[in-house]
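In terms of this note's numbering, the sequence shown opens at residue 450 and continues consecutively. Just so it is clear, CB atoms sit at the ideal spot from N, CA and C, and this is done for glycine as well.
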Amino acid sequence: MTNNGHNPTTNLRVLLSGPAADAVAGTLEHAPAITVIHAGSTGNGDLPISADVAFHVLESSSTPGVAEAAAHLRELAGAPLILAAYGEPNGIVETGLAVGAVDVLVLPQPAETLLFAIRKAAKTATGSELGKVLTVFSPKGGSGKTVLATNLATAAARSGVKTLLVDLDLQFGDSALSLAVTPRATISDLATSSGTVDAEKLGAFVSTDPKTGLDLLAAPRRPEEAEVVGQNELAAVLAAARSAYGAIIIDTGPLFDGAMLAALDYTDELLLICNPEVTSLKNVRIGLETIDRLGFARDRVSLVVNRLGARGGVDRSDIEQALDTKVAYELPDDSVVPASVNRALPAVISDEGSSFARAVTALAQAVLPRGRTSQQAAPQRRFILRGRR
Ligand SMILES: Nc1ncnc2c1ncn2[C@@H]1O[C@H](COP(=O)(O)OP(=O)(O)O)[C@@H](O)[C@H]1O
Ligand SMILES: [Mg+2]
């Protein structure tokens with residue numbers, strides 16, 4: 450697997466409900482880039498569920514109780530509703546319009562038709578494409594998660610993509626320190642604030658880094674404040690982030706904790722970091738098994754070897770053999786990295802020409818959505834902007 454040019458589409462959360470939901474569950478569960486949430490299966494009772502689309506399936510278009518079900522779904526998720534029914538299409542359009550559905554489908558339909566309707570509904574709701582969520586993870590501390598996350602977010606912001614860096618290393622996050630940003634608020638402040646989280650509210654809790662233009666949602670100031678950040682709050686934060694930013698980079702801790710599980714739900718591409726050391730290989734191998742068990746698709750996992758070439762390190766082919774996985778990206782061991790961390794300036798700024806910065810920039814170009822002012826998109830405009838400065 451090489452990930453150059455491979456850009457998985459945004460993962461969508463579909464709230465599936467209705468008397469005939471089981472009939473399409475299998476199709477949707479096997480569809481790429483879809484996470485199915487069964488209504489009533491979250492153990493949340495009537496608590497809000499964060500979903501991109503609600504998909505309500507009837508046995509026939511004359512099944513009663515649709516209006517009540519639609520109202521309940523709206524309360525639960527507030528997501529655009531697709532109404533689907535088996536059998537004759539009689540009355541489905543009227544029912545759909547009456548309950549405020551954004552689309553109606555007469556079943557059965559091929560998987561592609563269902564997916565198209567779902568993606569279209571999600572797009573209509575946000576008025577645009579959702580941002581891409583990239584999660585940087587490693588089951589071992591000190592392997593370079595924060596270094597990669599901060600450099601990737603910086604590269605993204607500098608290419609003109611509206612970028613949010615979310616520090617989900619809730620106990621010991623140091624993204625703010627790495628960027629020398631003094632956060633005006635943290636994710637625990639956001640989680641304990643009153644009311645629901647939307648893009649506007651999120652905007653009041655992020656801190657903009659003047660050097661790079663990226664927004665940071667900082668980790669709590671003290672480990673004990675992490676407790677207040679639950680999975681429901683995180684789901685709401687990430688849903689809001691996706692509608693407001695082009696790229697969302699998530700820095701994580703080394704654990705499969707609640708924060709990491711919430712992040713996985715929204716992750717489009719997981720950058721799994723491994724160091725060329727036996728202990729790192731062992732942990733990453735177990736990490737990959739855990740990722741499989743959690744049902745996170747392997748084609749969304751990109752293996753990143755960081756510090757390749759470090760003295761006495763294992764080489765690339767041994768890593769691939771030990772993990773039975775192809776390396777997607779390589780980042781060299783480079784002395785500019787610790788120096789840049791200590792100066793609190795990402796290497797892509799402080800040492801633009803270094804081998805590490807060039808490798809991160811190449812990784813960024815492969816994984817990020819295209820920025821409006823990136824060279825490929827608008828070379829002349831970029832030139833004019835520069836000239837005016
Ligand atoms: N490619 C690299 N070359 C040299 N040193 C590195 C490299 N990547 C990371 N480091 C060093 O490792 C340290 C730990 O990295 P960090 O990103 O904080 O790890 P994590 O977030 O996974 O715990 C950094 O402060 C830096 O000094
Ligand atoms: Mg870290």
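- With contact defined as three or more Cβ pairs closer than 8 Å, the segment 665–673 and the segment 616–624 are in contact.
- Taken in chain order, the complete alpha helix (DSSP H) segments of 4 residues or longer contained in the segment 618–670 are 624–628, 636–641 and 648–654.
- Residue burial annotation: His505 is buried, with at least 16 other C-beta atoms found within 10 angstroms of its C-beta.
- Cα atoms of Ser637 and Arg760: separation of roughly 40 Å, rounded to the nearest angstrom.
- In the structure shown, Glu517 falls within a helical segment according to DSSP collapsed to helix, strand and coil.
- When the Cα atoms are used, Leu522 and Gly514 turn out to be separated by approximately 12 Å.
- Shortest gap from the CB of Thr584 to any heavy atom of ligand 2: 7 Å or more.
- Per DSSP, Arg756 lies in no alpha helix (DSSP H); the unbroken beta strand (DSSP E) holding it starts and ends at Val750 to Leu757.
- In this model, Pro672 and Leu683 are separated by some 17 Å (Cα to Cα).
- Residue burial annotation: Pro538 is exposed, with fewer than 16 other C-beta atoms found within 10 angstroms of its C-beta.
- In this structure, Leu780 has its CB closer than 7 Å to one or more heavy atoms of ligand 1.
- The beta carbons of Ala777 and Leu752 sit closer together than 8 Å.
- Relative to ligand 1, Arg756 has its C-beta within less than 7 Å of a heavy atom.
- Scanning its chain for C-beta atoms nearer than 8 Å, with the 5 sequence neighbours on each side dropped, one finds around Ala474 the residues Leu465, Val485 and His487, in chain order.
- According to DSSP, Thr701 shares a beta bridge with Leu617.
- Taking 7 Å as the cut-off, one finds no heavy atom of ligand 2 near enough to the beta carbon of Lys660.
- DSSP places Lys581 in the uninterrupted beta strand (DSSP E) bounded by Lys581 to Phe586.
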